[in-house]
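S.K.:
Protein chains: 2
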Amino acid sequence: MKKINDKMQCVLDFVEDYLNDNGFPPSVREICSAIGIKSTASCQYYLKKLEQRGDIKRGPENKKRSISLTDNKKTEKFLSVPLIGTVTAGVPIFAYENLEGYYPLPTEFGNSDDDLFMLKVKGESMIDAGIYNDDKIIIQKTDYAENGDIVVAFFDDGATVKRFFRKNDKIILHPENSSMSDIILDDVKILGKVKGLVRKF
Amino acid sequence: MKKINDKMQCVLDFVEDYLNDNGFPPSVREICSAIGIKSTASCQYYLKKLEQRGDIKRGPENKKRSISLTDNKKTEKFLSVPLIGTVTAGVPIFAYENLEGYYPLPTEFGNSDDDLFMLKVKGESMIDAGIYNDDKIIIQKTDYAENGDIVVAFFDDGATVKRFFRKNDKIILHPENSSMSDIILDDVKILGKVKGLVRKF
DNA sequence: GCAAAAATCAAACGTTTGTTTGCAATTTTG
DNA sequence: CAAAATTGCAAACAAACGTTTGATTTTTGC
Numbered sequence: 014m015k016k017i018n019d020k021m022q023c024v025l026d027f028v029e030d031y032l033n034d035n036g037f038p039p040s041v042r043e044i045c046s047a048i049g050i051k052s053t054a055s056c057q058y059y060l061k062k063l064e065q066r067g068d069i070k071r072g073p074e075n076k077k078r079s080i081s082l083t084d085n086k087k088t089e090k091f092l093s094v095p096l097i098g099t100v101t102a103g104v105p106i107f108a109y110e111n112l113e114g115y116y117p118l119p120t121e122f123g124n125s126d127d128d129l130f131m132l133k134v135k136g137e138s139m140i141d142a143g144i145y146n147d148d149k150i151i152i153q154k155t156d157y158a159e160n161g162d163i164v165v166a167f168f169d170d171g172a173t174v175k176r177f178f179r180k181n182d183k184i185i186l187h188p189e190n191s192s193m194s195d196i197i198l199d200d201v202k203i204l205g206k207v208k209g210l211v212r213k214f
Numbered sequence: 014m015k016k017i018n019d020k021m022q023c024v025l026d027f028v029e030d031y032l033n034d035n036g037f038p039p040s041v042r043e044i045c046s047a048i049g050i051k052s053t054a055s056c057q058y059y060l061k062k063l064e065q066r067g068d069i070k071r072g073p074e075n076k077k078r079s080i081s082l083t084d085n086k087k088t089e090k091f092l093s094v095p096l097i098g099t100v101t102a103g104v105p106i107f108a109y110e111n112l113e114g115y116y117p118l119p120t121e122f123g124n125s126d127d128d129l130f131m132l133k134v135k136g137e138s139m140i141d142a143g144i145y146n147d148d149k150i151i152i153q154k155t156d157y158a159e160n161g162d163i164v165v166a167f168f169d170d171g172a173t174v175k176r177f178f179r180k181n182d183k184i185i186l187h188p189e190n191s192s193m194s195d196i197i198l199d200d201v202k203i204l205g206k207v208k209g210l211v212r213k214f
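Which chain is which? The protein sequence lines are A and B, in order.
Here the first sequence stands for residues 14 to 214, where the numbers follow my numbering.
Here the second sequence stands for residues 14 to 214, where the numbers follow my numbering.
(1) So, does the segment 29-37 of chain B touch the segment 70-77 of chain B, judging by three or more C-beta pairs under 8 Å?
(2) On the premise that B:Phe91 lies in contact with B:Pro73, defined as a C-beta separation below 8 Å, what is that separation, rounded to the nearest angstrom?
(3) Candidates B:Leu96, B:Thr83, B:Val41 and B:Glu64: which alpha carbon is nearest B:Leu210's?
(4) Rounded to whole angstroms, what is the Cα-Cα separation between B:Val165 and A:Glu121?
(5) So with CB distances below 9 Å, who are the chain B contacts of A:Ile7?
(6) So, at 7 Å on beta carbons, what are the nonlocal neighbours of B:Asn146 in its own chain, with the 5 sequence-adjacent residues on each side left out?
(7) Contact check, B:Leu132 vs B:Ile150 under 8 Å by CB: the rounded distance?
(8) When the Cβ atoms of the segment 166-181 of chain A are set against those of the segment 166-173 of chain B, are three or more pairs found closer than 8 Å?
(9) To the nearest angstrom, how far is it from the Cα of A:Lys208 to the Cα of A:Phe130?
(10) Secondary structure at A:Lys20, three-state DSSP: helix, strand or coil?
(11) Since A:Glu121 meets chain B, which of its residues come closer than 7 Å, beta carbon to beta carbon?
(12) Keeping to the same chain, check which residues put their C-beta closer than 8 Å to that of B:Thr53; ignore five residues upstream and five downstream.
(13) Strictly under 8 Å for the Cβ-Cβ distance: is B:Ile152 near chain A by that measure?
(14) Closer than 8 Å is the cut-off here; do at least three beta carbon pairs connect the segment 19-34 of chain B with the segment 21-35 of chain A?
(15) State the DSSP-derived secondary structure class of B:Glu43, mapped to helix, strand or coil.
(16) Put A:Ala142 into one of helix, strand or coil per three-state DSSP.
(17) Quick one, which of A:Ser93, A:Ile184, A:Asn124 and A:Asp128 has its alpha-carbon nearest A:Gly114's?
(18) Is DSSP giving B:Phe122 helix, strand or coil here?
(19) Return no unless some Cβ of chain B is closer than 8 Å to the Cβ of A:Lys62.
(20) Would a check of beta-carbon distances place A:Asn35 closer than 8 Å to chain B?
(21) By a C-beta neighbour count over all protein chains shown, 10 Å radius and 16 as the cutoff for buried, is B:Ser194 buried or exposed?
(22) Which of the residues in the segment 187-211 of chain A, read from start to end, lie with their CB under 7 Å from any CB of chain B?
(23) Express the C-alpha separation of B:Gly205 and B:Asp128 in angstroms, rounding to a whole number.
(24) Could you give the residue range of the alpha helix (DSSP H) that holds B:Lys62?
(25) Per DSSP, what are the beta-bridge partners of A:Gly114 in this structure?
(26) Pull up the DSSP beta-bridge partners for A:Leu82, would you.
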């Protein structure tokens, strides 16, 4: 009884697809007509087996459309991190206008998506640290940085990615690019630390 | 009519939670008792408003439990790509033992997860191309490559990442690292092309 | 080839559930 | 304050749906 056969797979596939397409589960009769069986009893028959195998779960008796996928079928946990478009002076970073969408990330980057965001890198100022133009960097919100951290800081009316140092009461924003020079400031607004990046070739 | 008020928010929250907990949507009456209203008509009233605002979607008339969240609420679509641990000679790459888990990726890397996999990079042979040790690279399965592609090839009993060239009937696997030299072969088994990477600092 | 098991069906039944209607209470607005 | 809009209720209807039963067909194992 542990084996899965064609029809069972059909039912399972259909339920998955239907859920993906509609956001709610199919009814028994919808499954019937989808996989080409004429009796709802046959469908029940398969559903019972799929439940026994642990592929699906069914709600309490008589609840309409109460089929759900079990965890081993459900997509694994992941983070959904806001991808910020442009950073402009004045407008708060996380204003809706700046939001380009949400980006899925594995949980290894954090436990909650609350303190993470992403930013598209413009420029070559960090190429020696392996951060290239158009990379999407993953940033953990914080206003504090330690020496050597790669940070996103507010500078010159926009966000900039640099390596951070504090020396003799001055802040040094160091570009990892031998053709560029350090930015030295009295104070700086730090948006977060760079925790990772995603690149598309 | 564009504003959301407490009760509407309650309904919306409940629907979201219910969907998360059960995998299928609540019925109108369940919403009623959850948020403490006694008439199903009142619930319809809120559901209609939420639908007008675009927060939820409702299925065709009379379909039971056909509430779904709209895309701005739904977790966006994403890919679930297998992350391969070690590549060993003999064992098929996609053997279960080699599978370290699944990794979420945005859909910009492909439409289906079928032809993608990921690999953890070991070594420094591609640092000049911005691929570092311990990076996770995203690979599209293919056995054909064009000049200049960064490929994953089977070489020396394992997978190696190199830039690919074909010249005078020879295959050149070129490491992007000035301290390493080209590998020249008569033939090579290509596993795929590198499409992107994910790095964790 | 035959008996047992598995798969499928049609039909009917009772529940759950979406929908509607009409009216009352409350809040907002001019 | 009166009119209008909003919010709420109870009740009843009809549609969609899950479930069950018992029979029929198909497959399987010997």
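Note that beta-carbon positions come from the ideal geometry of N, C-alpha and C, so glycine has one too.
All values derive from a computational prediction rather than experimental measurement.
M.R.: Taking the definition as stated:
(1) no
(2) Between B:Phe91 and B:Pro73 the Cβ distance is about 28 Å, and since that is not below 8 Å, they are no contact.
(3) Ranking the options by Cα distance to B:Leu210, first place goes to B:Leu96.
(4) 25 Å
(5) Outside the displayed range of chain A (14 to 214) lies residue 7 of chain A, so it cannot be described from this structure.
(6) Val134, Lys135, Gly136 and Glu137
(7) 5 Å
(8) no
(9) 10 Å
(10) helix
(11) Lys213
(12) Val41, Arg42 and Cys45
(13) It does not: the Cβ of B:Ile152 has no partner Cβ on chain A nearer than 8 Å.
(14) The answer is no - the segment 21-35 of chain A does not touch the segment 19-34 of chain B, with fewer than three Cβ pairs under 8 Å.
(15) helix
(16) helix
(17) A:Ser93
(18) Note: B:Phe122 maps to helix in three-state DSSP.
(19) no
(20) Taking Cβ atoms only, chain B reaches closer than 8 Å to A:Asn35, which makes this a yes.
(21) Burial call: exposed.
(22) Val207, Lys208, Gly209, Leu210 and Val211
(23) 9 Å
(24) Taken as a continuous stretch (DSSP letters only), the alpha helix (DSSP H) holding B:Lys62 covers Thr53 to Arg66.
(25) A:Gly114 is bridged to A:Leu96.
(26) A:Ile69
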